[in-house]
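So the structure is just underneath, and the comments pick up after that.
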Amino acid sequence: MSTIAAAPATSRVSIRRARVLGIVFMALGFAAAWWFGFGSESGLDSTFGLNSRSSEVDLPPLALPSRETALLLAAICVFLGAIQLTRGFGKQANLILGVAVGCFILAFLVWAARDDSLNMVGMLQSTLLRSVPITLGALSGLLCERSGVINIAIEGMMLTAAFMGAIVGSAAGSTWVGLILAVLAGGLLGALLAVLSIRYRVDQIVGGTVINILALGLTSYLSAQILARYQNLNSPGRFPVIEIPLLSDIPIIGPMLFANNLFIYLMFILVIGINIALFRSRWGLRVRAVGEHPKAADTVGIKVLGVRYRNVILGGMVAGLAGAYFTLGSVGRFDENMTGGRGFIALAAMIFGRWNPIGAFGAALVFGFADSLQNTLAILQVPIASEFLLMAPYIATILVVAGVVGRARPPAADGQLYIKE
Amino acid sequence: MPGDGIRAFKEEYLRMRMKWFAALFMVLALFVAACAEEDEPTDAGGDNGAEETDNSDFLACQVTDTGGVDDRSFNQTAYKGLEDAEDEFGIEIQVLESQNPNDFEPNIQSLIQQDCDIIVTVGFLLGDATAAAAEANPDKLFAIVDFDFFDADAGEDISFDNVKELTFATDEAAFLAGYVAAGTTETGKLGTYGGINIPTVTIFMDGFQAGMEHFNSENGGDVVLEGWDSANPEGGLFTGDFENQDNGRQVTETLLGEDVDIVMPVAGPVGLGSAAAVQDAGEGSLVWVDTDGCVSVEEFCDLFLTSVMKNMDVAVFTAVEEALNDEFEGGLYTGTLENEGVGIAPFHEFEDTVSDDIKTQVEELRQQIIDGEVTVGQG
């Protein structure tokens, strides 16, 4: 009975939602046409550079008529909206929403670059690079939270690992040793968080916050005491760019995906690996069971606390990898608070990505894109306050959390103690 | 008895563990001792220097901005002023680092309670906190780097008797750097970015741009600047803080992607991210700011075309000296090319890259700016 009664209610909701989406698509289209199509004088060209600095093949830049291109993109949005309103995309609606937003942003870029040029490949490359620490941090968060432990100490773990990577890497004269120690340092803080929140039942938010504060204080103190005095302990070097033969010669995507340093390849491997492990393996099933309903998991013989310990330590190690990216992948030295809040953005990415590795990567790309877009617009001298662009991804996160674009639901036992009876 | 065996094993195990702990502690203790020993000679040296007049009861203190005292740039230079004063006069110094803007006020307060004889606050962002503390404690002496008090309500410049405002006409030096960069670029594009959009940052960019434009008009060049336009101060390129070096690296890669070959980061340690980017790119060069990059970050010396120096150490040192000798006067100090409060660094490894013409022209320009024949900005 109840299922029959419930069915029309949900479909009514989804019909309303489908209509709203259709109207949103059309609104995006009209806004794009008004601002970006008619906003640029006709006869101007937008030039997009397609070469990365590292690419072998020189592609001619792509010059598009600004007004016409923006209008075309706007028309696609309106067209999608019309289909959504009449026929409906059904389950694909969220995907189409992505396409519509993408068209809107492209139209915006065409408008911003009118009578000017911008390096498209460079921008996408920077998007990907900026997303690396965020993705890895988000993976760390979701490994913990899928097993029911909230990890807001990602930032502290990253910072400590960055410090360890720099100092050990310099002392040992090897970036690899630095990387391993950084990952271990992250794991150690993960273990600390696990002991605090599982063994001593400290509130998980409080435990995480304490670790963040501890990490910031400790690394700042040690860097002032040791690194400032012994400069040679703060030059671990950086991992070189590894170009994958043949693949890196593909125009546009070659230099973007296949000519990067170790961390980007590791990120891809981890995103795919964790996704498979979490949803296609026995280990993943157990982890999710512990995160959703620990009592049930316990009843069938899964060691709830053991799974939690293991996952939090694993999560710490992934955060350690994210930290190592800063010192060993990007800058090649440590400085106070150099992670600059990326660990917290990673948390947002995890939620935006709905506790799913692929989703988290997508969310991190959105955040990375916003950062990189903001830079590009500043270079193009677009008169929009940069703060607004930097805000955009967070507004999107709030919308996701509030359930506007589908529902983001944390694991049911997330943050809850499990005490065996 | 298996139980006995286990107990014996346990005891053995515990003893082993004790030994390990003892060994570990000894290593730690040695380490600490070694560190402490290293400190002693400098302390002793300080005391020796103070034999003639004992100034050890004079306490000079500093509150840093969020970059930290070892930022290779801004806070560090100001701190060097204090250290120089310590070496020279044998006074005591103390520094409190601010981790975030919420620390500014409590840090100043705790230094007031520690009876500091002069409190140096470093950075534009500490302006309001310093003004409030100076007003509440008229018997305390302050020196603030990079802030000129201004009463926005009354619309007039103000000053306190107990605060010295150490400001710098950085645009004069940046003007020279912009001229050199414009004369050296191969792609015809210069780039710059800042940490936060505040006047003490943008003054570098204004001067840099003005210098470049001066080069263009003198030599009929068409060098352009990406990342800043004095006419559109809202739209500049900023990373948003003075900490996230990865951000600096990404911003620099974006600039390099737009064919820029000389970048001036005005973002304290964030600029080190630029150094990493330029080093990995294997092309391009940087203009460092605040200090001579070849001295403060020698490992990247081969990347620095020149540096826009803001000699905060000298200004801080002088303020402390005046306070020590009871000659302190509140009010405004402005470092200029003329009094060598600002300047550009030698070209170091770029000595051969920068043409002799440019070198002589820069020398002439320096004199013209001092004489007021060339103005460096809107004024």
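Top line first, the protein sequences correspond to chains A and B. Our numbering numbers the first residue of the first sequence as 1 and each following residue consecutively. Our numbering numbers the first residue of the second sequence as 1 and each following residue consecutively. Quick reminder that beta carbons are idealized off the backbone N, C-alpha and C, glycines included.
May I have the straight-line CA-CA distance separating residue i from residue j, to the nearest angstrom?
i: Thr79/B; j: Ile253/A; result: Before going on, a small fix: residue 79/B reads as Tyr here, not Thr. Distance between the alpha carbons of Tyr79/B and Ile253/A is about 47 angstroms.
i: Glu322/B; j: Ala315/B; result: 11 angstroms
i: Pro346/B; j: Gly340/A; result: 33 angstroms
i: Asp45/A; j: Trp111/A; result: 9 angstroms
i: Gly123/B; j: Asp326/B; result: 25 angstroms
i: Glu292/A; j: Asp115/A; result: 54 angstroms
i: Leu141/B; j: Asp117/B; result: 7 angstroms
i: Leu21/A; j: Val101/A; result: 12 angstroms
i: Phe108/A; j: Phe36/A; result: 6 angstroms
i: Met120/A; j: Ile144/B; result: 44 angstroms
i: Ala378/A; j: Ile105/A; result: 16 angstroms
i: Gly49/B; j: Ala319/B; result: In this prediction, Gly49/B has a pLDDT of 43, which is less than 50 and means its spatial position is unreliable; what the coordinates show is noted afterwards. Going by the C-alpha atoms only, they are around 20 angstroms apart.
i: Ala408/A; j: Met350/A; result: 10 angstroms
i: Glu86/B; j: Gly207/B; result: 34 angstroms
i: Thr375/B; j: Leu365/B; result: 10 angstroms
i: Leu417/A; j: Val99/A; result: 41 angstroms
i: Val308/B; j: Val354/B; result: 16 angstroms
i: Leu124/A; j: Pro251/A; result: 13 angstroms
i: Ala215/A; j: His214/B; result: 48 angstroms
i: Pro41/B; j: Asp84/B; result: With a pLDDT of 40 at Pro41/B, under the threshold of 50, the modelled position of this residue cannot be trusted; read the value that follows with caution. So the alpha carbons of these two residues sit roughly 16 angstroms apart.
i: Gln250/B; j: Glu226/B; result: 15 angstroms
i: Phe258/A; j: Leu28/A; result: 34 angstroms
i: Gly173/A; j: Pro236/A; result: 7 angstroms
Hey, would you say residue i sits closer than 8 angstroms to residue j, going by beta carbons?
i: Val201/B; j: Met212/B; result: no
i: Ala162/A; j: Phe334/A; result: yes
i: Leu422/A; j: Gly208/A; result: The structure shown does not extend to residue 422/A, since chain A is modelled only from 1 to 421, so the question has no answer here.
i: Ala348/A; j: Thr397/A; result: yes
i: Ser140/A; j: Gly315/A; result: yes
i: Leu142/A; j: Pro357/A; result: yes
i: Cys61/B; j: Gln94/B; result: yes
i: Ala210/B; j: Gly178/B; result: yes
i: Ser170/A; j: Leu222/A; result: no
i: Ser42/A; j: Arg17/A; result: no
i: Ala276/B; j: Leu286/B; result: no
i: Arg146/A; j: Trp283/A; result: no
i: Thr421/B; j: Ile203/B; result: Missing from the structure shown is residue 421/B; chain B here goes from 1 to 379 and no further.
i: Leu321/A; j: Leu136/A; result: yes
i: Gly156/A; j: Ala324/A; result: no
i: Val304/A; j: Pro294/A; result: yes
i: Thr254/B; j: Gly49/A; result: no
i: Thr389/B; j: Thr334/B; result: The structure shown does not extend to residue 389/B, since chain B is modelled only from 1 to 379, so the question has no answer here.
i: Asp70/B; j: Phe326/A; result: no
Going along chain B, which residues have a C-beta under 8 angstroms from residue i?
i: Ser248/A; result: Within 8 angstroms Cβ-Cβ: nothing; Ser248/A doesn't reach chain B, min ~16 angstroms.
i: Ser330/A; result: Gln245, Asp246, Arg249, Gly273, Ala276
i: Leu216/A; result: Gln99
i: Ser220/A; result: Gly68, Glu97, Gln99
i: Leu390/A; result: Gly240
Run through chain A and tell me which residues come within less than 7 angstroms of residue i, C-beta to C-beta.
i: Gln209/B; result: Within chain A, no residue comes near Gln209/B; the closest Cβ sits about 12 angstroms away, beyond 7 angstroms.
i: Leu237/B; result: Asn375, Ala378, Ile379
i: Gly227/B; result: Ala378, Ile379
i: Pro269/B; result: Asp335
i: Val69/B; result: Ala224
For a contact defined as C-beta to C-beta under 7 angstroms, what are the partners of residue i on chain B?
i: Ser126/A; result: Gln250, Glu253, Thr254
i: Met338/A; result: Glu243, Asn244, Gln245
i: Phe326/A; result: Asp246
Please tell me whether, using a cut-off of 7 angstroms, the distance from the CB of residue i to the nearest non-hydrogen atom of the ligand COA is below it.
i: Leu233/A; result: Ligands are entirely absent from the displayed structure, and the ligand COA is therefore not among its contents.
If the cut is a Cβ gap below 8 angstroms, which residues of chain C does residue i touch?
i: Glu340/B; result: The structure shown has no chain C; the protein chains it does contain are A and B.
Using a cut-off of 9 angstroms between C-beta atoms, extract the partners of residue i located in chain B.
i: Arg130/A; result: Asp246, Asn247, Gln250
i: Arg238/A; result: Ala276, Gln279, Asp280
So residue i contacts chain A; which residues on that side make the cut at Cβ distance below 9 angstroms?
i: Glu234/B; result: Pro383, Ile384, Ala385, Ser386
i: Glu258/B; result: Gly49, Ser117, Leu118, Asn119, Gly122, Thr376, Ile379
i: Phe186/B; result: The identity of residue 186/B in the sequence shown is Glu, whereas the question assumes Phe. What Glu186/B touches in chain A: nothing, since even the nearest Cβ is about 14 angstroms away.
Identify every run of the beta strand (DSSP E) within the stretch 106-184 of chain A, keeping only runs that are complete inside it and at least 3 residues long; order them along the chain. Segments of the beta strand (DSSP E) lying fully in the stretch 106-184 of chain A: 116-119.
### Message
As an exercise, report each continuous beta strand (DSSP E) stretch of at least 3 residues that is fully enclosed by the stretch 187-248 of chain A, in chain order.
### Response
Scanning the stretch 187-248 of chain A for uninterrupted beta strand (DSSP E) segments of 3 residues or longer gives 241-243, listed from N- to C-terminal end.
Taking the runs of the beta strand (DSSP E) that are 3 residues or longer, which of them lie wholly in the stretch 299-331 of chain B? Runs of the beta strand (DSSP E) inside the stretch 299-331 of chain B: 304-310.
Worksheet item: the stretch 78-106 of chain B: which residues have C-beta closer than 8 angstroms to a C-beta of chain A, in chain order?
Response: Listed by position along the chain: Glu97, Gln99.
| query | Between the stretch 273-295 of chain A and chain B, which residues of the former have CB atoms less than 9 angstroms from a CB of the latter, in chain order? | reply | Answer in chain order: no residues at all.
- Query: Between the stretch 296-315 of chain B and chain A, which residues of the former have a C-beta closer than 7 angstroms to a C-beta of the latter?
  - Reply: Residues passing the 7 angstroms Cβ filter: Glu299.
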